[in-house]
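One structure is given here, and the rest of the page talks about it.
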């Protein structure tokens, strides 16, 4: 079972920032926070990941709280093409062998 | 272009007829895995491979086989498909085991009648 908790759905206006929350109540010290998204029934697409510090790349920003129990994915200027299911995942290497345990995710709908 | 390819993309078959779904990556990745996706159940890992000739079971391995004879290929074999294996299948690869993004293939939609 997925170890993270996300709202089932969110809406966002095109051009505005989309802030997607995630709770990681059971995250352990060696687990990273990953975010993926899936558009329609395409293969999931990696967005960003982090351990403790906030991260930013060309797609998004990731904010991780100091206790690491929650994170927020920020899409700074959402477009219609960002409509997708977004998954936050706690994953470790080593014994978990890179397995990603997907939950139900958040359906983000970007409106014109 | 770095990518994971799967074939076929769509397949309709009948119960008991052996089939193979191929997966190939051109990124020289060590780690490869197979997932299935079903409504309400999300994506679940079937098998994974950490390198050539090294494979292991994921969460739902029953009814499936895999092999890893070459680094780039990781076929999924259904020896005797059953209707409960009707699903959307994804292959994924990554450079290592930890702290790496996984690249997913486009998916194979399988229907077993």
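Chains as they are written, first to last, in my numbering: chain A, 291 to 402; chain B, 110 to 222.
Ideal placement from N, C-alpha and C gives every residue a C-beta, glycine not left out.
It should be emphasised that the depicted structure is a prediction, and the values quoted were computed from it without experimental measurement.
Do you know how far the Cα of residue j is from the Cα of residue i?
| i | j | result |
| --- | --- | --- |
| residue 110(B) | residue 135(B) | 8 Å |
| residue 391(A) | residue 378(A) | 9 Å |
| residue 298(A) | residue 170(B) | 28 Å |
| residue 125(B) | residue 180(B) | 29 Å |
| residue 222(B) | residue 399(A) | 34 Å |
| residue 224(B) | residue 123(B) | With chain B covering 110 to 222 only, the question about residue 224(B) has no answer from this structure. |
| residue 156(B) | residue 337(A) | 23 Å |
| residue 315(A) | residue 306(A) | 29 Å |
| residue 214(B) | residue 345(A) | 26 Å |
| residue 129(B) | residue 402(A) | 43 Å |
| residue 341(A) | residue 363(A) | 14 Å |
| residue 328(A) | residue 375(A) | 5 Å |
| residue 311(A) | residue 175(B) | 37 Å |
| residue 309(A) | residue 216(B) | 28 Å |
| residue 396(A) | residue 339(A) | 17 Å |
| residue 204(B) | residue 369(A) | 30 Å |
| residue 200(B) | residue 177(B) | 13 Å |
| residue 190(B) | residue 302(A) | 42 Å |
| residue 373(A) | residue 196(B) | 23 Å |
| residue 268(A) | residue 116(B) | There is simply no residue 268(A) to check, as chain A begins at 291 and stops at 402 in what is shown. |
| residue 384(A) | residue 300(A) | With a pLDDT of 48 at residue 384(A), under the threshold of 50, the predicted position of this residue should be treated as unreliable, though the coordinate-derived value follows. Roughly 34 Å separates the two Cα atoms. |
| residue 165(B) | residue 357(A) | 34 Å |
| residue 127(B) | residue 360(A) | 45 Å |
| residue 188(B) | residue 194(B) | 11 Å |
If we define contact as Cβ-Cβ less than 8 Å, is residue i a contact residue for chain B?
| i | result |
| --- | --- |
| residue 390(A) | yes |
| residue 332(A) | yes |
| residue 376(A) | no |
| residue 404(A) | In the structure as shown, chain A begins at 291 and stops at 402. Residue 404(A) is therefore absent and cannot be evaluated. |
Tell me residue i's beta-bridge partners as DSSP assigns them.
| i | result |
| --- | --- |
| residue 116(B) | 131(B) |
| residue 169(B) | Looking at the DSSP assignment, residue 169(B) forms no beta bridge with any residue, so it has no partner. |
| residue 309(A) | 364(A) |
| residue 340(A) | 323(A) |
| residue 317(A) | Answer is none; residue 317(A) lacks a bridge partner. |
| residue 155(B) | For residue 155(B), which the question treats as bridged, DSSP gives no partner whatsoever. |
| residue 401(A) | 303(A) |
| residue 211(B) | Beta-bridge pairing links residue 211(B) to no other residue. |
| residue 221(B) | 122(B) |
| residue 145(B) | 153(B) and 198(B) |
| residue 203(B) | 140(B) |
Would you please verify whether the beta carbon of residue i is less than 8 Å from any beta carbon of chain A?
| i | result |
| --- | --- |
| residue 197(B) | yes |
| residue 178(B) | no |
| residue 152(B) | yes |
| residue 157(B) | yes |
| residue 210(B) | yes |
| residue 213(B) | yes |
| residue 172(B) | no |
| residue 125(B) | no |
Return the Cβ separation of residue i and residue j in integer angstroms, given the expectation that the two are a contact with Cβ distance under 8 Å.
| i | j | result |
| --- | --- | --- |
| residue 151(B) | residue 332(A) | The Cβ separation is near 15 Å, so there is no contact. |
| residue 145(B) | residue 198(B) | 5 Å |
| residue 334(A) | residue 351(A) | Going by Cβ atoms, the distance from residue 334(A) to residue 351(A) rounds to 19 Å, so no, they are not a contact pair. |
| residue 185(B) | residue 120(B) | With 8 Å as the limit, residue 185(B) and residue 120(B) do not qualify as a contact, their Cβ atoms being about 11 Å apart. |
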